[in-house]
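So the protein lines, in turn, are chains A and B. First residue of the first sequence? That's 0 in numbering that gives the first Met the number 0, and the numbers climb one at a time after it. First residue of the second sequence? That's 0 in numbering that gives the first Met the number 0, and the numbers climb one at a time after it. Note that the Cβ used here is the ideal one computed from N, Cα and C, for glycine as well. This structure is a prediction, so every number in the text was calculated from the model and none was measured. The structure appears below as structure tokens.
2 protein chains.
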Amino acid sequence: MAKIPESTIRRLSLYLRFLEAFDGEGARTVSSQALAERGGTTSAQVRKDLSLFGSFGKRGLGYSVPDLAVKLREILGIGVPRRVVVIGVGKIGMALVQYAGLAARGFTLERAYDVDPQVVGRRVASIVVRHADELERDLRRDPVDVAIIATPPGAAQETANRVGPSVRGILNFAPVTISAPEGVAVRHVNVELELEALGYALRTG
Amino acid sequence: MAKIPESTIRRLSLYLRFLEAFDGEGARTVSSQALAERGGTTSAQVRKDLSLFGSFGKRGLGYSVPDLAVKLREILGIGVPRRVVVIGVGKIGMALVQYAGLAARGFTLERAYDVDPQVVGRRVASIVVRHADELERDLRRDPVDVAIIATPPGAAQETANRVGPSVRGILNFAPVTISAPEGVAVRHVNVELELEALGYALRTG
DNA sequence: GGATGTGAATGTCTTCACAGCT
DNA sequence: AGCTGTGAAGACATTCACATCC
């Protein structure tokens, strides 16, 4: 299969959400044009994105809403449940632990960790926060797919080093760039960076 | 000035953070090579990014750490204080309101809004949550630069429609794509989308 | 000597435009 | 007729490589 642009993957995720909305509205089929309008892109882009993975549409008709949704879920690996841990139960970590969207997208939260004695041992949304010292041992005994890092910036890379050998993906919320071993996928959610990019767009002149 | 790639802006934001770290370590100058290593990019990329805005370095020497930091802050519009409101004080909104990083990057939180009677009137980190019905009137009387949308997905576009005429930028945390009037910059922080992109990277085969 | 700044070359992504199914 | 699927063209971004200057 051809190499898939990162941007295509992000759009597929959007298309899936639109399909779910169309499905809720009772639509049976959808055209590349209709998907494009909701997603702020072009019909050619939609067709190209989808064609990278196969021929899912019918000429003259469009795409079957439920069939395409199934295909996209398959491509994105939704349905295969992913086990995750959250490390750092501060403000962001807390919000993540309580966030229903995790489960809705097939990510089951197994455990959460912190180092603050005020937080360790507390029960948050059905799980008890464990001390980060237990991290490596726990991961060896009971591995997970993804580590979500929501520590302060200073601890993020060290945390990544500790979980790197045991996980296949890292989602980093700390406002620093972190690296991970070859083969571990890393994604960043960086609010400060988005704010600064917004700041650039707001500059006068 | 030449057109600036979006990706360049995001990297400038990273470079600035590295410069602040270098400054903390007492470094006076820094090479494109050193910046590249921390940022997971190449020295040529760093030089190209910076050269789009001017010639800030000295051949044979590198870049002055404090001078380049000043330049980057200027480019990114940091220093010009930006007034923001947060709309939706659920889990994410609450974390944002309490988030010190906002102020640290020059964004002063003016007000927060919600529709839930349980939340309206509550005091969170020195501001009192107002009812979203007051939004338009407040914005007319006391405008802000940026609206941060942290509502449930169903309310996000409507919220954008309501604030669109009064703000210059929107940062959207709701997991839907929203559109805004011409001239209003929109950025998305979409955790579900990042998770799904991670899911794709985790697929087996 | 050492590191920048930058045209040129390369690589990647998007858009075009149309043949080909239904 | 309508809409997909796709090679080719075009736009955009990154990397190379080297002249230039401190």
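Neighbours of arginine 167 of chain A in chain B, taken as residues at a C-beta separation under 7 Å, are given in chain order as Leu201. Per the coordinates, the alpha-carbon of glycine 38 of chain A lies some 32 Å from the alpha-carbon of leucine 71 of chain B.
Judged by pairs of C-beta atoms under 8 Å, the stretch 72-81 of chain B does not touch the stretch 147-164 of chain B, as fewer than three such pairs exist. In the structure shown, glutamate 24 of chain B adopts coil according to DSSP, grouped into three states. For chain B, the residues of the stretch 79-99 of chain A that bring a beta carbon within less than 7 Å of one of its beta carbons are Arg81, Lys90, Ile91, Ala94, Gln97, Tyr98, in chain order. Counting only runs of 3 or more residues that sit fully inside the stretch 155-180 of chain A, the beta strand (DSSP E) segments are 168-171, in chain order. Within the stretch 0-49 of chain B, the alpha helix (DSSP H) runs of at least 4 residues that lie entirely inside it are, in chain order, 5-23, 31-38.
Glycine 61 of chain B: member of the beta strand (DSSP E) spanning 61-63, first to last residue. Threonine 41 of chain A and leucine 51 of chain A have their C-alpha atoms roughly 16 Å apart. Under the three-state reduction of DSSP, isoleucine 91 of chain A is assigned to helix. Between the stretch 87-99 of chain B and the stretch 143-153 of chain B there are three or more inter-stretch CB-CB distances shorter than 8 Å, so the stretches are counted as touching. By the neighbour-count criterion, in which 16 or more other beta carbons inside 10 Å mark a residue as buried, arginine 27 of chain B falls on the exposed side.
Annotation for alanine 184 of chain B: Gly168 place their beta carbon closer than 6 Å to its own, counting only its chain and skipping 5 residues before and after. Chain-order list of chain A residues neighbouring glycine 153 of chain B: empty, with the shortest C-beta distance near 10 Å, by a criterion of under 9 Å.
Bounds of the beta strand (DSSP E) holding tyrosine 112 of chain A are 106-113.
Using a Cβ-Cβ cut-off of 7 Å, phenylalanine 106 of chain A is close to Leu194 of chain B, given in chain order. In this structure, DSSP gives valine 69 of chain A a helical state, which the three-state scheme calls helix.
Rounded to the nearest whole angstrom, the C-alpha separation of alanine 103 of chain B and glycine 163 of chain A is 30 Å. Annotated three-state conformation of glycine 56 of chain A is strand, per DSSP.
For alanine 146 of chain B, the beta-bridge partners assigned by DSSP are B:Val84, B:Ile169. Judged by their CB atoms, glutamate 5 of chain A and serine 12 of chain B are not nearer to each other than the 9 Å cut-off. Of the candidates B:Phe106, B:Leu60, B:Asp115, B:Phe106 places its Cα closest to the Cα of aspartate 144 of chain B. Under the Cβ criterion of 9 Å, serine 178 of chain A is counted among the residues facing chain B.
In the structure shown, the three-state DSSP call for isoleucine 74 of chain A is helix. At a cut-off of 9 Å between C-beta atoms, glutamate 157 of chain A does not count as an interface residue with respect to chain B. Straight across, the Cα-Cα distance linking alanine 196 of chain B with valine 119 of chain B is about 36 Å. Taking 8 Å as the Cβ-Cβ cut-off, the stretch 125-153 of chain A approaches chain B at Asp144, Val145, given in chain order.
Your pair aspartate 48 of chain B and arginine 16 of chain B does not check out as a contact, with CB atoms roughly 14 Å apart and the cut at 8 Å. For valine 127 of chain B, the beta-bridge partners assigned by DSSP are B:Arg122.
Any Cβ of chain B closer than 9 Å to the Cβ of arginine 110 of chain A would place that residue at the interface, and such an atom is absent. Per DSSP, the beta bridge partners of alanine 184 of chain A are A:Gly168. The three-state secondary structure of valine 96 of chain A, taken from DSSP, is helix. The residue from A:Ala68, A:Glu181, A:Gly56 with its alpha-carbon nearest to that of asparagine 160 of chain A is A:Glu181. Annotated as proximal: valine 84 of chain B and leucine 134 of chain B, with beta-carbon spacing under 9 Å. Within the stretch 24-45 of chain A, the residues whose Cβ lies closer than 8 Å to some Cβ of chain B are Arg37, Gly38, Gly39, listed in chain order.
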